[in-house]
Amino acid sequence: MDSDGLLSVVIPVYRSEAYLAETVRAFVAFLEPRTRFEVVLVNDGSPDRVDDVIRDLCAADPRIRAITLGHNIGQHRATLRGFALTRGEVVVTVDDDGQNPPQSAWAVATALVDQDLDVVYGRFQSVEQSLPRRLASRLNRWLSRRTIHNDRDVAITNVRALRGDLARALGAVQSPYPYIDALVFRMTRHVGEVPVEQRARERGQSTYSLSRLFALWISHLTSLTVLPLQFAMVGSFSVSALGFLIGIAQLVRVLVEQRAPAGWLSLFVSVTFLFSVLFAFLGIISAYLGRMYVSLNERDLVWTRTVHPSRGAAELRQGARRDAAGSGG
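Take the sequence shown: its position 57, counting from 1, is numbered 56 in numbering that gives the first Met the number 0, and each next residue is one higher.
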């Protein structure tokens with residue numbers, strides 16, 4: 000990590016009145032002798048008095064900045080709000096509970112610079128989580144391999160370092176249901192990981208309940224992927240084909256036996272055939288809906304990683320963004 004570059008640490012805050020100050024001070028003490036830095040706190044509509052803690056932290060150190068949202072919008076949306084406020088060449092995200100020590104943030108930031116990557120995740124060596132959380136993490140990793148093109152099975156964790164321009168491009172995304180890691184893998188393939196430490200939770204409890212984890216899975220399944228619609232399409236065409244085959248089989252039976260089928264069977268075949276046509280049309284509609292969904296959500300996800308020559312890079316990037324906006328609109 001270049002000591003001359005500015006490092007931005009983004010921390011979403013929720014129900015952490017008791018330990019936020021300790022977490023932030025640990026980062027300040029660790030980073031102060033190593034690099035220039037800023038800490039961006041995003042109070043995600045926390046119902047406790049953590050805003051008072053944030054106010055004191057900002058007053059004591061100008062390198063600490065913060066915003067307080069009017070209501071709870073979720074960790075991913077809050078983190079994106081923090082991205083938009085950063086000024087650093089490297090942006091790091093960690094949780095507010097102290098489980099992610101400064102050494103972990105420094106490790107992903109250093110790997111990002113040394114390996115010339117766009118995003119680096121921290122793979123926890125010892126996961127201090129409850130059994131439901133560990134199962135949820137494994138499910139998320141399984142989903143990530145199949146929904147966001149995480150082909151190399153990079154660990155998807157909350158400890159991540161991003162190039163500053165990429166983070167601010169993500170911060171400009173206007174989506175009510177964002178999933179940061181799906182956006183990351185859509186915008187770049189220069190993604191890596193490094194082993195990091197995760198500490199045991201000393202105080203408080205995780206704010207991720209089963210309902211929040213379920214909502215995260217739904218967000219995972221529906222963020223920039225049409226996998227559920229593809230399942231619906233395949234199922235619709237399968238039911239349609241089954242109904243058609245049943246109708247053909249009954250028609251052959253009538254021709255062979257030279258007698259009309261029983262009334263209930265005629266009704267069953269008619270209804271099955273009509274539903275097979277309906278399901279076929281539903282499958283076609285699902286395919287079009289999938290294309291519309293991806294097209295809508297992929298707007299502004301074209302990110303210019305490198306510009307040559309370097310002179311005029313800002314102007315060229317601005318022109319590229321205008322071109323992308325023109326093609327999307």
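Quick reminder that beta carbons are idealized off the backbone N, C-alpha and C, glycines included.
Predicted model, so just to flag it, every value in this text is computed and none were measured.
Please report the straight-line C-alpha distance between V12 and A77, rounded to a whole angstrom.
Here residue 12 refers to the residue found at position 13 when the sequence shown is read from its first residue. Here residue 77 refers to the residue found at position 78 when the sequence shown is read from its first residue. Their Cα atoms are separated by approximately 9 Å.
In terms of alpha-carbon separation, which member of A199, F29, V23 and H70 lies closest to V39?
Here residue 39 refers to the residue found at position 40 when the sequence shown is read from its first residue. That would be V23, whose Cα lies nearest to the Cα of V39.
With DSSP as the reference, label A240 as helix, strand or coil.
Taking the first residue of the sequence shown as 1, we reach residue 240 at position 241. Here A240 sits in helix by DSSP.
On the premise that V89 lies in contact with A160, defined as a C-beta separation below 8 Å, what is that separation, rounded to the nearest angstrom?
Here the question's residue 160 lines up with position 161 in the sequence shown. Here the question's residue 89 lines up with position 90 in the sequence shown. Indeed, because the Cβ distance is near 6 Å, the residues count as touching under 8 Å.
Can you give the Cα-Cα distance for Q102 and V190, rounded to whole angstroms?
Reading the sequence shown from its first residue, position 103 is the one you call residue 102. Reading the sequence shown from its first residue, position 191 is the one you call residue 190. Q102 and V190: Cα-Cα distance of roughly 20 Å.
With H, G and I counted as helix, E and B as strand and the rest as coil, what does DSSP make of T146?
For the purposes of this step, residue 146 is taken as the residue at position 147 of the sequence shown. Helix.
Quick test of your reading: V107 and V193, contact by CB under 8 Å. State the CB separation rounded to the nearest angstrom.
As a position in the sequence shown, residue 107 is number 108, starting the count at 1. As a position in the sequence shown, residue 193 is number 194, starting the count at 1. Right, their Cβ atoms sit about 6 Å apart.
DSSP-derived helix/strand/coil call for A110
As a first step, residue 110 must be located in the sequence shown, where it is residue number 111. DSSP, reduced to helix, strand and coil, places A110 within a helical segment of the structure shown.
Cutting at 6 Å between CB atoms, please list the residues of its own chain near G87, excluding the five before and the five after it.
The count along the sequence shown starts at 1 and reaches residue 87 at position 88. Within the same chain, Cβ atoms closer than 6 Å to the Cβ of G87 are found at L5, L6, S7 and G163, the five residues on either side in sequence being excluded.
Please list, in chain order, all residues of the same chain as R62 whose beta carbon is under 7 Å from its beta carbon, the five residues on each side excluded.
The residue given as residue 62 occupies position 63 in the sequence shown. Apart from sequence neighbours up to five positions away, the residues of its chain that approach R62 with a beta-carbon distance below 7 Å are F36, E37 and V38, ordered along the chain.
Taking Cβ to Cβ, would you say I66 is nearer than 7 Å to V41?
Taking the first residue of the sequence shown as position 1, residue 66 is located at position 67. Taking the first residue of the sequence shown as position 1, residue 41 is located at position 42. A contact, by the Cβ cut-off of 7 Å.
Span of the alpha helix (DSSP H) around A25:
For the purposes of this step, residue 25 is taken as the residue at position 26 of the sequence shown. Where A25 is concerned, the enclosing alpha helix (DSSP H) stretches over L19 to L30.
Option in R198, N149 and M291 with minimal Cα separation from N99:
Here residue 99 refers to the residue found at position 100 when the sequence shown is read from its first residue. Cα-wise, what sits closest to N99 is R198.
Assuming R122 and V9 make a contact with CB atoms under 8 Å, what is their CB distance in whole Å?
Locating residue 122 in the sequence shown gives position 123, counting from the first residue. Locating residue 9 in the sequence shown gives position 10, counting from the first residue. No, R122 and V9 are not in contact; Cβ-Cβ is about 20 Å, not under 8 Å.
Start-end ranges of the beta strand (DSSP E) lying completely within the stretch 49–77, minimum 3 residues:
Taking only runs of at least 3 residues, the beta strand (DSSP E) segments lying wholly in the stretch 49–77 are 63–67.
Hey, would you say D152 sits closer than 7 Å to R145, going by beta carbons?
Position 153 of the sequence shown, counted from the first residue, corresponds to residue 152. Position 146 of the sequence shown, counted from the first residue, corresponds to residue 145. Going by C-beta atoms, D152 is not nearer than 7 Å to R145.
Return the first residue and the last residue of the alpha helix (DSSP H) that I179 is part of.
Start at 1 with the first residue of the sequence shown, and residue 179 comes out as number 180. From DSSP, the alpha helix (DSSP H) with I179 extends over I179 to M186.
For the beta strand (DSSP E) that R159 lies in, which residues bound it at each end?
The residue you call residue 159 lines up with position 160 of the sequence shown. First-last of the beta strand (DSSP E) with R159: R159 to R162.
Assuming contact is defined by CB atoms lying nearer than 7 Å, are I351 and H75 in contact in what I supplied?
Because the chain spans 0 through 328 in this model, residue 351 falls outside it and cannot be assessed.
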